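Below is one structure, written out as structure tokens; the observations come after it.
There are 2 protein chains.
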Amino acid sequence: MRLGIDIGGTKTDAVAVDEVGGLAQRVRLVTGFGHAAVVETAVTAVARIGELTGLPAGGFSSIGIGIPGMVDSASGQVAHAVNLGVERLALGGELAGRLGVGVRIENDVKAAALGAFHVLGLGGTMAYLNLGTGMAAGIVVDGRLWRGATGIAGEIGHLPVDPAGALCGCGQRGCLETVASGSGIARQWRTDDPLPARALFAAAADGDREARAITARLAEGIAAAVRVLVLTVDVDTVVIGGGLSHLGDRLLCEVHEVLDGWAATSPFLASVALSRRVRLVPEGTPVAALGAALVGGADG
Amino acid sequence: MRLGIDIGGTKTDAVAVDEVGGLAQRVRLVTGFGHAAVVETAVTAVARIGELTGLPAGGFSSIGIGIPGMVDSASGQVAHAVNLGVERLALGGELAGRLGVGVRIENDVKAAALGAFHVLGLGGTMAYLNLGTGMAAGIVVDGRLWRGATGIAGEIGHLPVDPAGALCGCGQRGCLETVASGSGIARQWRTDDPLPARALFAAAADGDREARAITARLAEGIAAAVRVLVLTVDVDTVVIGGGLSHLGDRLLCEVHEVLDGWAATSPFLASVALSRRVRLVPEGTPVAALGAALVGGADG
Numbered sequence: 045m046r047l048g049i050d051i052g053g054t055k056t057d058a059v060a061v062d063e064v065g066g067l068a069q070r071v072r073l074v075t076g077f078g079h080a081a082v083v084e085t086a087v088t089a090v091a092r093i094g095e096l097t098g099l100p101a102g103g104f105s106s107i108g109i110g111i112p113g114m115v116d117s118a119s120g121q122v123a124h125a126v127n128l129g130v131e132r133l134a135l136g137g138e139l140a141g142r143l144g145v146g147v148r149i150e151n152d153v154k155a156a157a158l159g160a161f162h163v164l165g166l167g168g169t170m171a172y173l174n175l176g177t178g179m180a181a182g183i184v185v186d187g188r189l190w191r192g193a194t195g196i197a198g199e200i201g202h203l204p205v206d207p208a209g210a211l212c213g214c215g216q217r218g219c220l221e222t223v224a225s226g227s228g229i230a231r232q233w234r235t236d237d238p239l240p241a242r243a244l245f246a247a248a249a250d251g252d253r254e255a256r257a258i259t260a261r262l263a264e265g266i267a268a269a270v271r272v273l274v275l276t277v278d279v280d281t282v283v284i285g286g287g288l289s290h291l292g293d294r295l296l297c298e299v300h301e302v303l304d305g306w307a308a309t310s311p312f313l314a315s316v317a318l319s320r321r322v323r324l325v326p327e328g329t330p331v332a333a334l335g336a337a338l339v340g341g342a343d344g
Numbered sequence: 045m046r047l048g049i050d051i052g053g054t055k056t057d058a059v060a061v062d063e064v065g066g067l068a069q070r071v072r073l074v075t076g077f078g079h080a081a082v083v084e085t086a087v088t089a090v091a092r093i094g095e096l097t098g099l100p101a102g103g104f105s106s107i108g109i110g111i112p113g114m115v116d117s118a119s120g121q122v123a124h125a126v127n128l129g130v131e132r133l134a135l136g137g138e139l140a141g142r143l144g145v146g147v148r149i150e151n152d153v154k155a156a157a158l159g160a161f162h163v164l165g166l167g168g169t170m171a172y173l174n175l176g177t178g179m180a181a182g183i184v185v186d187g188r189l190w191r192g193a194t195g196i197a198g199e200i201g202h203l204p205v206d207p208a209g210a211l212c213g214c215g216q217r218g219c220l221e222t223v224a225s226g227s228g229i230a231r232q233w234r235t236d237d238p239l240p241a242r243a244l245f246a247a248a249a250d251g252d253r254e255a256r257a258i259t260a261r262l263a264e265g266i267a268a269a270v271r272v273l274v275l276t277v278d279v280d281t282v283v284i285g286g287g288l289s290h291l292g293d294r295l296l297c298e299v300h301e302v303l304d305g306w307a308a309t310s311p312f313l314a315s316v317a318l319s320r321r322v323r324l325v326p327e328g329t330p331v332a333a334l335g336a337a338l339v340g341g342a343d344g
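Going line by line, the protein sequences match chains H and C. First residue of the first sequence? That's 45 in the working numbering, and the numbers climb one at a time after it. First residue of the second sequence? That's 45 in the working numbering, and the numbers climb one at a time after it.
Have a look at this one:
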């Protein structure tokens, strides 16, 4: 049995995964804020899964954690996990001390990429396009994470596609993330609704012109991200995940419409079949926690 | 001894490579036009290298060919090699029949990528950014070509970066290739000079404002290609090759200036150190022919 934990900005998912990769147990916790509380959240998650499975920390064949921010998976160091109140934390080392066993740490998008690859039963090359507060992709090649030379592979949210676009937090202008992410929507569509993207799509469906323009830019930005991933890495599949993926088929249809429109005007783009490569992550499946359980193992 | 042939639009380079990857012999031929003449050019190249080395076709441990166009390296089929007058040619099969030995066929940019990786003694992950008539990249991972799921990995010349940019031959608008390629320069800078890029840079050095604007867009387009390759694949090194690379340090300096300017305004881009990852292919080295000799072997 493997144990995987996805430490998110507000919630933490923990799962036990059996020998064939199936979901055996799952718990959800509120994530603590700050260095000590994040460590405590992980320790509690291990204990709760331990109660459900009857296994001590040392009884799992591996324990893996997915967490936002810059992660050095070799050392277990986490940096700049701003939403967790973590500036620099030796999470791997801290947890090894508390639990008495080694723990593998991975960036949450990369963990989710690995989880999605396995949950969907994919082969070949896949990109997991995470549309959360920001935009980033995790790339999986033949079932293993592609980290790149310095760990920044898949940071496509900061590729500019419009010199006249909005200023991005990264200092550039017109980045994909400025239109195709939760923060991009929040900047363009002010609302008190707790689910701003759903409110935006509802307004667009009601015929609000500004809302329609924003959803069109969102779909174009996602489509442009797909184009980058296919024309650069040539992935078989782009799996759309993250918070915005809860919009489901409404979002996927708009993205397909953009891609099909491009194919209609560009024989070259038609030949690379962008539209058929795109799909949504399965709703309700804790892919990041599942992937965290696989990180660093024979499958990850 | 391996034999590599680079069939270019006007010239064909052929080399013999010794056991340690060194250049043992080299010949240059004029490339024939059309299916039969292209096959004949390759057969002549093998014969000429055979004379110099004293080896028959069957005496080489491998024979590889780099050629423009869509190449199916598994079947040896070449399609859409427009500059060679080749629409669809079973080059691998034709040459096997003529030479009595198997011949490996690869796209010329991919072959050059492999050659550059070995000539420069690189490790890790590299992209070879070919700036010829068009723009495309070849990606090498741990000494082997990364072809992607469908063979289009590295087709970054058709990534649009400006909705207000020029219409591209691919049907999209503002593709990288429209500003950062030989055809991009030819569209913007009309000249009878046989070396249009050199004439453009000379005019820019003389203070011609239009020429300066075109070279600035060229350098920005190349820099944007580097950014795509690093933020998507996270390559250690981007090697600039192809016809425009003959501009040498004048071109490289402009690209470095653009990248350094970006780093000055974006802490994120500064952290990924784009500028230090870029270099030029060595002038005068037949990297595509050398790479063709390595294609499909233990090193390729």
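We put the beta carbon where it would ideally sit given N, CA and C, even for glycine. This one's a predicted model, so the numbers in the text were calculated from it and none came from an experiment.
Can you list, in chain order, the residues of its chain with a C-beta nearer than 7 Å to that of residue i? Leave out the 5 residues immediately preceding and following it.
i: GLU37(C); result: Because chain C spans 45 through 344 in this model, residue 37(C) falls outside it and cannot be assessed.
i: VAL102(H); result: It should be noted that the sequence gives Gly, not Val, for residue 102(H). Counting only Cβ-Cβ distances below 7 Å, and skipping sequence neighbours, we find GLY144 and VAL145.
i: ALA336(C); result: GLY48, ILE49, ASP50, GLY108, ILE109, GLY110, GLU150 and ALA155
i: GLY192(H); result: none
i: ALA342(H); result: Because the pLDDT at ALA342(H) is just 48, under 50, the model does not fix this residue reliably, and the point stays unresolved.
i: GLN346(C); result: Outside the shown range of chain C, which is 45 to 344, sits residue 346(C), and nothing can be said about it.
i: CYS214(C); result: HIS202
i: GLY76(H); result: VAL82, GLU84 and THR85
i: PHE245(H); result: THR259, LEU291 and ARG294
i: VAL325(C); result: ALA160, VAL283, ILE284, GLY285, SER289 and VAL331
Please work out which residues of its chain come closer than 8 Å, Cβ to Cβ, to residue i, disregarding the five sequence neighbours upstream and downstream, and give them in chain order.
i: ARG323(C); result: LEU164, THR281, VAL282, VAL283, ILE284 and LEU296
i: VAL316(C); result: VAL274 and LEU275
i: THR88(H); result: LEU73
i: LYS55(H); result: ARG72, LEU73, VAL74 and THR75
i: LEU318(C); result: ALA267, VAL270, ARG271, VAL274, LEU303, TRP306 and ALA307
Go ahead and pull the three-state DSSP assignment for residue i.
i: PRO240(H); result: helix
i: THR75(H); result: coil
i: GLU199(H); result: coil
i: GLU346(H); result: Only positions 45 to 344 of chain H appear in the structure, and residue 346(H) is not among them; the question remains open.
i: SER106(C); result: strand
i: ALA58(C); result: strand
i: GLU150(C); result: strand
i: ARG70(C); result: strand
i: ARG46(H); result: strand
i: VAL205(C); result: coil
i: GLU131(H); result: strand
i: GLY344(H); result: Here GLY344(H) scores only 48 on pLDDT, less than 50, and its place in the model is too uncertain to base an answer on.
i: GLN232(H); result: helix
i: VAL64(C); result: coil
i: VAL82(H); result: helix
In its own chain, which residues sit with a C-beta less than 6 Å from the C-beta of residue i, not counting the 5 before and 5 after it?
i: GLY201(H); result: GLY178, MET179, ALA180, LEU220 and GLU221
i: GLY167(H); result: none
i: GLY344(C); result: Since pLDDT at GLY344(C) reaches only 48, below the 50 mark, its modelled position is unreliable, and no value is offered.
Name the residue from the options whose alpha carbon lies nearest to the alpha carbon of residue i.
i: ARG271(C); options: ASP186(C), VAL299(C) and GLN121(C); result: VAL299(C)
i: LEU262(C); options: PRO238(C), ALA197(C) and GLU301(C); result: GLU301(C)
i: THR169(C); options: THR169(H), TRP190(H) and GLY137(H); result: TRP190(H)
i: VAL130(C); options: THR194(C), HIS79(C) and GLN216(C); result: HIS79(C)
i: GLY195(C); options: ILE183(C), LEU334(C), GLY53(C) and PRO204(C); result: ILE183(C)
i: MET45(H); options: GLN121(H), GLY53(H), LEU244(H) and ASP62(H); result: ASP62(H)
i: TYR172(H); options: ALA246(H), SER119(H) and ILE266(H); result: ILE266(H)
i: ALA140(H); options: ALA160(H), ARG132(H) and GLN121(H); result: GLN121(H)
i: PHE312(H); options: ALA160(C), LEU99(C), VAL205(C) and ARG217(C); result: ARG217(C)
i: GLU264(C); options: ASP236(C), GLY187(C) and GLY228(C); result: GLY228(C)
i: ALA249(H); options: GLU138(H), VAL71(H), GLY209(H) and LEU291(H); result: LEU291(H)
i: SER225(H); options: ASP236(H), ASP237(H), ALA241(H) and THR235(H); result: ALA241(H)
i: LEU128(C); options: TRP306(C), LEU303(C) and GLY113(C); result: GLY113(C)
i: ARG320(H); options: GLY53(H), VAL279(H), PRO330(H) and ASP236(H); result: VAL279(H)
i: ALA125(C); options: GLY251(C), PRO238(C) and LEU133(C); result: LEU133(C)
i: GLY346(H); options: ALA208(H), SER310(H) and GLY65(H); result: Coverage of chain H is limited to positions 45 through 344, which leaves residue 346(H) absent and any answer about it impossible.
Could you tell me whether the Cβ of residue i comes closer than 8 Å to any Cβ of chain B?
i: GLY265(H); result: The chain labelled as chain B is not found among the protein chains of the depicted structure, namely H and C.
Does the Cβ of residue i lie closer than 7 Å to at least one heavy atom of the ligand NAP?
i: ASP293(H); result: Of ligands this structure carries none, so the ligand NAP is not represented either.
**OP:** Can you give me, in chain order, the residues of the segment 199-232 of chain H that have a beta carbon less than 8 Å from any beta carbon in chain C?
**Re:** GLU199, ILE200, HIS202, LEU203, PRO204, VAL205, ASP206, PRO207, ALA208, CYS214, GLY215 and GLN216
Subject >> Inside the segment 165-192 of chain C only - beta strand (DSSP E) runs reaching at least 3 residues >> reply: 169-175, 179-185 and 188-190
Original post:
Looking at chain H, which residues of the segment 272-290 of chain C have a Cβ within less than 8 Å of any of its Cβ atoms?
Top reply: VAL272, LEU273, VAL274, LEU275, THR276, VAL277, ASP278, VAL279 and ASP280
**OP:** Enumerate, from N- to C-terminal direction, the unbroken beta strand (DSSP E) stretches of 3 or more residues contained entirely within the segment 241-324 of chain C.
**Re:** 281-285 and 322-324
Subject >> Chain-ordered residues of the segment 137-168 of chain C with a beta carbon less than 8 Å from chain H >> reply: GLY168
Original post:
If you measure beta-carbon to beta-carbon, which residues of the segment 315-344 of chain C are closer than 9 Å to chain H?
Top reply: SER315, VAL316, ALA317 and ARG321
Subject >> Contacting positions in the segment 98-131 of chain C - beta carbon closer than 8 Å to chain H >> reply: none
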